[in-house]
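Engineer: Here it is: the structure, laid out below.
Shown next as structure tokens:
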């Protein structure tokens, strides 16, 4: 079987019927969504409201408490003390303390929380290596994993990094996250516990110098604002990470996560707000999921790992004749071609109707 998977050929695994994958590809991890329980749904719903929705309700709660506190007469000391304590407790969520450390994450086994297993069942999580022989040796070696698309909320990157179960397929890596995540209580704590890396150039440079394996969503905030079109998927790939790869002589593995662009929807805001968000490097978006709440729609997540893209080997005269920009551009073009190739090769095995979709790669 060549090209895309044939729609009429299937493999049966437990209760679910899966389309066969293209020849040469290998399933590295499959978490059946048929095992999803009512408890799992409850865990996903409440944790999503708590962590993802915190960006909405926590500031609103703080403003409400401040207004209530101001209206309480000065002689009602007990009521004022209660509201003051609530305000203080919310304020401490933004404070830096000893509990915010990767060592704490190891102590509480954050990667092994049952919470993540519920999420993987919710997404019917699956990881496929398009050519297993090309990536099997990289699971324990330094590399950069590029997971596209970003999605309105980066669930694809998050659950590849958070779960100990997912590390069986991807290997352990540090997720590269936007600096703005430092503003979100609880989310920030979890990211520190899993030893996430700030997206600043200096932080990424330091992490690679220390031999870290990194994972990131190359499209970033710009990809969140890309308006979707029927029949098309988009991925924005920026060249900055390729400069880091060339500098540190580290391969980049292109990974396409089918389904991650459909987990949330967003309201279209005025252009000046979106441009302001890009300037400030924060996502100024209003997003929603199931029932209009910050709970993702249920979609199967299928990760397809392509062939790693290595920095061009330069020796002798080549070092002089080949500039850094040329080597970066060479890696960039190879990466984009490989991302489109694995998309076209596996799109039919994802879901009915995807055989006619196309992937457009934009320069960031």
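Residue numbers (our numbering): 8 to 371.
Every residue, glycine too, gets a C-beta built ideally from N, C-alpha and C.
It should be emphasised that the depicted structure is a prediction, and the values quoted were computed from it without experimental measurement.
Go to residue 152, then tell me how far its alpha helix (DSSP H) extends in each direction, as first and last residue.
Structural biologist: One-based indexing of the chain shown puts residue 152 at position 145. Segment 151 to 155 is the beta strand (DSSP E) holding residue 152; no alpha helix (DSSP H) there.
Engineer: Just the C-alpha distance for residue 369 and residue 45, rounded to the nearest angstrom, thanks.
Structural biologist: Locating residue 369 in the chain shown gives position 362, where the first residue counts as 1. Locating residue 45 in the chain shown gives position 38, where the first residue counts as 1. Taking the straight line from one Cα to the other gives about 40 Å.
Engineer: Apart from the five residues on each side of it in sequence, which residues of its chain come closer than 7 Å, Cβ to Cβ, to residue 188?
Structural biologist: The sequence position of residue 188 within the chain shown is 181, counting from 1. Cβ neighbours of residue 188 beyond the five flanking positions: 194, 195 and 198.
Engineer: With distances taken Cα to Cα, identify the nearest neighbour of residue 145 among 48, 111, 260 and 278.
Structural biologist: On the chain shown, residue 145 is found 138 positions in, with the first residue counted as 1. The shortest C-alpha separation from residue 145 is found at 260.
Engineer: Whole angstroms is fine: what's the gap from residue 351's alpha carbon to residue 156's?
Structural biologist: Sequence index remark: in the chain shown, residue 351 carries index 344 (1-based). Sequence index remark: in the chain shown, residue 156 carries index 149 (1-based). If I take the Cα positions, the gap works out to 15 Å.
Engineer: So what does DSSP say about residue 133, is it helix, strand or coil?
Structural biologist: Translated into positions along the chain shown, residue 133 becomes position 126. The answer is strand: DSSP assigns residue 133 an E or B state.
Engineer: Is there a C-beta anywhere in chain B that falls below 8 Å from the one on residue 69?
Structural biologist: Protein chain content of the structure displayed is limited to a single chain, and chain B is not contained in it.
Engineer: Can you tell me which of 305, 262, 107 and 112 puts its alpha carbon nearest to the alpha carbon of residue 346?
Structural biologist: By 1-based counting over the chain shown, the position of residue 346 is 339. Checked all of 305, 262, 107 and 112; the closest Cα to residue 346 is 262.
Engineer: Evaluate contact between the region 163 to 181 and the region 126 to 136, counting only Cβ atoms and requiring at least three cross-stretch pairs below 8 Å.
Structural biologist: Because the criterion of three Cβ pairs below 8 Å is met, the region 163 to 181 and the region 126 to 136 touch.
Engineer: Please name the residue or residues paired with residue 315 in a DSSP beta bridge.
Structural biologist: Here the question's residue 315 lines up with position 308 in the chain shown. Answer by DSSP bridge pairing: none, since residue 315 is not bridged.
Engineer: Taking all protein chains shown into account, do 16 or more other C-beta atoms lie within 10 angstroms of the C-beta of residue 152, making it buried, or fewer, making it exposed?
Structural biologist: Against the chain shown, residue 152 aligns to sequence position 145. Classification for residue 152: buried.
Engineer: Determine the extent of the alpha helix (DSSP H) in which residue 252 is found, giving its start and end residues.
Structural biologist: For the purposes of this step, residue 252 is taken as residue 245 along the chain shown, with counting starting at 1. Per DSSP, residue 252 belongs to the alpha helix (DSSP H) from 247 to 255.
Engineer: Which class does residue 201 belong to by DSSP, given the choice of helix, strand or coil?
Structural biologist: Along the chain shown, read from residue 1 onward, the residue named residue 201 stands at position 194. Three-state DSSP puts residue 201 in coil, outside helix and strand.
Engineer: Go through its chain and collect everything with a Cβ distance to residue 305's Cβ below 7 Å, but skip five positions before and after it.
Structural biologist: Sequence index remark: in the chain shown, residue 305 carries index 298 (1-based). Cβ within range, chain order: 129.
Engineer: Would the region 229 to 242 and the region 117 to 124 be scored as touching if the rule is three or more Cβ pairs under 8 Å?
Structural biologist: The region 229 to 242 vs the region 117 to 124: no contact.
Engineer: Would you kindly work out how many angstroms separate the C-alpha atoms of residue 296 and residue 61, rounded to a whole number?
Structural biologist: Position 289 of the chain shown, counting from 1, holds the residue named residue 296. Position 54 of the chain shown, counting from 1, holds the residue named residue 61. In a straight line, the C-alpha of residue 296 is about 14 Å away from that of residue 61.
Engineer: May I ask you to report which of helix, strand or coil DSSP gives residue 11?
Structural biologist: Within the chain shown, numbered from 1, the residue matching residue 11 stands at position 4. Its pLDDT being 41, under 50, residue 11 is placed unreliably by the model, and the measurement read from it follows with that caveat. Residue 11: coil per DSSP, three-state reduction.
Engineer: What does the alpha-carbon distance come out to for the pair residue 42 and residue 316?
Structural biologist: Locating residue 42 in the chain shown gives position 35, where the first residue counts as 1. Locating residue 316 in the chain shown gives position 309, where the first residue counts as 1. C-alpha separation (whole angstroms): 36 Å.
Engineer: Going by alpha carbons, who is nearest to residue 310 out of 267, 337 and 334?
Structural biologist: Translated into the one-based positions of the chain shown, residue 310 becomes position 303. For the residues 267, 337 and 334, the minimum Cα distance to residue 310 belongs to 267.
Engineer: Please list, in chain order, all residues of the same chain as residue 206 whose beta carbon is under 7 Å from its beta carbon, the five residues on each side excluded.
Structural biologist: Here the question's residue 206 lines up with position 199 in the chain shown. The residues are 183, 184, 185 and 186.
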